[in-house]
Amino acid sequence: MKKIAALGAAAALALGAGAAVRLWAPLEGALWVRSARGGIERGEILAAFGAERGSGFELVYRHSVNKGLVTDSYIIGGDGALTLTETTFESFGAGMSDGLDGDGALSIGPAGVTIKGMNRRVGTLLLAVGTIAEHRLRVSGKEIGLADIAGAGNSVRIGFGNVSLARLGRISNGSVERKGK
Numbered sequence: 003m004k005k006i007a008a009l010g011a012a013a014a015l016a017l018g019a020g021a022a023v024r025l026w027a028p029l030e031g032a033l034w035v036r037s038a039r040g041g042i043e044r045g046e047i048l049a050a051f052g053a054e055r056g057s058g059f060e061l062v063y064r065h066s067v068n069k070g071l072v073t074d075s076y077i078i079g080g081d082g083a084l085t086l087t088e089t090t091f092e093s094f095g096a097g098m099s100d101g102l103d104g105d106g107a108l109s110i111g112p113a114g115v116t117i118k119g120m121n122r123r124v125g126t127l128l129l130a131v132g133t134i135a136e137h138r139l140r141v142s143g144k145e146i147g148l149a150d151i152a153g154a155g156n157s158v159r160i161g162f163g164n165v166s167l168a169r170l171g172r173i174s175n176g177s178v179e180r181k182g183k
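Here it is as structure tokens:
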């Protein structure tokens, strides 16, 4: 009987240790949003989404000058760096780029003006979360308001890398968000 109890205790300990290892082991590939305070690696993780190299996401916001909706499309490169590949905006006017200062082709369609083939490597994206802009991140069909997790007026960095579940807090709607949100 003592042997069975000892084996049961050892199994429970091993299972607990396994769970702890899973919590501290880094997720393979996460698109993360961090507070910009303290630099890229030291900033608090505000949200993370499972992602792979070669996958894409969108940053959607309202332009500060013409107030039209803008959708910037990014790809996660093989080295984990982010690259702006395309942008679409509702209307063309003051303050809007024609995107033709480098690579890119401009077209007009039902969604507005689109510039494709931009291929502008940004590495990580530094962003001041605006009050009027209503910045939103779309990843794998999910959307999160950046002001909801960072607060309007604060800066965030968006990037790709490994993140442990223990640092993230909890999983919600397929995304992982920090505790208390």
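Residue numbering for the sequence shown is 3 to 183, as defined by the numbering used here. Beta carbons are placed, not taken as given, at the ideal position from N, Cα and C, and that holds for glycine. A quick note: this is a predicted structure, and the numbers were derived from the prediction, not measured.
Hey, is Glu54 close to the ligand GDP, as in C-beta under 7 Å from one of its heavy atoms? In terms of ligand content, the structure shown is empty, and the ligand GDP therefore cannot be addressed.
So which of Gly80, Ala53 and Asn164 has the shortest CA-CA distance to Lys140? Strictly speaking, residue 140 in this sequence is Arg, with Lys absent from that position. When only C-alpha atoms are compared, the closest one is Ala53.
Suppose you measure from the CA of Gly163 to the CA of Pro112; what does that come to, to the nearest Å? Here the alpha carbon of Gly163 sits roughly 35 Å from the alpha carbon of Pro112.
Length at least 3, wholly inside the stretch 114-163: the beta strand (DSSP E) runs in chain order: 114-125, 127-130, 138-141, 144-147 and 157-163
Measuring CA to CA, which of Glu145, Arg64, Ala49 and Glu60 is closest to Ala135? Among Glu145, Arg64, Ala49 and Glu60, the Cα nearest to that of Ala135 is on Arg64.
Do Ala152 and Val131 come within 8 Å of each other at the CB atom, strictly closer than that value? Cβ atoms of Val131 and Ala152: closer than 8 Å.
Nonlocal neighbours in the same chain, by C-beta distance under 7 Å from Ala83, ignoring five residues either side: Arg123 and Gly125
From the DSSP output, in three-state form, read off Arg185 for me. Since the first residue of the chain shown is 3 and the last is 183, residue 185 is not available in this structure.
Using the three-state DSSP reduction, which class does Gly111 fall into: helix, strand or coil? strand
Nearest neighbour of Asn121, chosen from Gly58, Asn68 and Phe51 [CA to CA]: Gly58
My assumption, with CB atoms under 8 Å, is that Asn68 sits in contact with Ser93. Please give the rounded CB distance. Between the beta-carbon of Asn68 and that of Ser93 there is about 6 Å, and that keeps the pair under the 8 Å contact cut.
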